[in-house]
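> Count along the sequence shown from 1, then add 163; that gives the number in our numbering.
My structure is below; once you've seen it, I'll send some questions.
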Amino acid sequence: AAMSRKGVKALVDSLTRSDKHFNKSEVECLVKLFDTLVARASSDYAGTGFDRTMFRDTLHSAFGMTDDVVLDRVFSIFDRDNDGSITVVEWVEGLGVLLRGTLEEKMKFCFTIYDLNGDGYISKEEMFQMLKNSLLIQPADEEPDEGVKDLVEIALKKMAIILCWSVPFLLQDHDHDGKLSFTDFEKTVRDENLLLEAFGPCLPDIK
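If you want it as structure tokens, here you go:
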């Protein structure tokens with residue numbers, strides 16, 4: 164059922180106060196877009212939200228985000244209660260970080276995207292998977308995996324140079340498994356912002 168005008172106004176006021184990324188008129192637009200998407204989506208969530216498919220289609224058409232692995236990870240970050248549906252609050256607050264996030268928010272967002280198993284580290288395997296997914300491999304390439312492995316090594320070395328002034332990153336890694344913690348990632352990105360998306364694009368390319 165559609166929300167009353169009074170209900171919509173209260174919702175917009177509440178979201179404008181709680182989410183500092185958007186002004187009131189922007190929140191109103193996002194709520195209207197949310198209602199449109201819910202109306203188009205299946206009725207599984209009784210008009211309270213929309214599912215993964217609608218979410219992926221929307222981010223694809225609005226922001227040109229095409230990587231299925233990244234879109235699934237973004238959905239998981241937006242869907243904070245993990246019920247398979249995006250509510251209006253999750254929608255506005257998620258877009259706040261995605262479109263207007265501070266460097267701190269974007270670092271946490273990208274780190275969470277790359278940390279595929281949620282253990283608090285980005286492993287070499289996770290870097291490999293993310294880079295493999297984000298690269299357009301030509302069919303003529305015999306062994307694309309080798310190229311991706313090289314990129315992982317280059318990315319690790321870049322991180323090492325910035326973090327440790329040319330002392331190899333893996334010397335600090337007692338298990339020698341090439342894992343990056345959020346602290347490592349944060350230090351690196353603060354020194355070189357371009358490494359925010361070092362392991363594949365996960366933010367909209369908005370000029």
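We put the CB at the ideal spot given by N, CA and C, even for glycine.
These numbers were taken from a predicted model, which means no experiment stands behind them.
What are the boundary residues of the alpha helix (DSSP H) that Lys-117 is part of?
Nothing about residue 117 can be reported from this structure: the residues present for the chain run from 164 to 370 only.
> Nearest by alpha-carbon distance to Val-255: which of Asp-282, Leu-266, Asp-246 and Val-175 is it?
In the sequence shown, residue 255 corresponds to position 92, counting from 1. Checking every option, the nearest Cα to that of Val-255 belongs to Val-175.
> In angstroms, rounded to a whole number, what distance separates the CA positions of Ser-167 and Lys-195?
Locating residue 167 in the sequence shown gives position 4, counting from the first residue. Locating residue 195 in the sequence shown gives position 32, counting from the first residue. Each residue's alpha carbon lies about 13 Å from the other.
> Do you know how far the Cα of Lys-312 is from the Cα of Val-260?
Numbered from its first residue, the sequence shown carries residue 260 at position 97. Numbered from its first residue, the sequence shown carries residue 312 at position 149. C-alpha separation (whole angstroms): 30 Å.
> Where does Ser-329 land, buried or exposed, given buried means 16+ other C-beta within 10 angstroms?
Mapped onto the sequence shown, residue 329 falls at position 166. Legend: pLDDT at Ser-329 = 33, less than 50; position of this residue unreliable, value from coordinates given subsequently. Flag for Ser-329 reads exposed.
> Per DSSP, which residues does Ile-285 bridge with? Please list them.
Along the sequence shown, read from residue 1 onward, the residue named residue 285 stands at position 122. Paired residue(s): Leu-343.
> Starting from Phe-362, trace the alpha helix (DSSP H) both ways and give me its first and last residue.
Position 199 of the sequence shown, counting from 1, holds the residue named residue 362. Segment: none, Phe-362 is in no alpha helix (DSSP H) and carries neither H nor E.
> How about Leu-294 and Gly-227: do their beta carbons lie closer than 8 Å?
Stepping through the sequence shown from its first residue, residue 294 is reached at position 131. Stepping through the sequence shown from its first residue, residue 227 is reached at position 64. Not a contact, by the Cβ cut-off of 8 Å.
> Could you spell out the range, first to last residue, of the alpha helix (DSSP H) harbouring Lys-187?
To locate residue 187, count along the sequence shown from 1; it is residue 24. Lys-187 -> alpha helix (DSSP H) spans 187-203.
> Express the C-alpha separation of Met-290 and Asn-280 in angstroms, rounding to a whole number.
Along the sequence shown, one-based indexing puts residue 280 at 117. Along the sequence shown, one-based indexing puts residue 290 at 127. Rounded to the nearest angstrom, the two C-alpha atoms are 12 Å apart.
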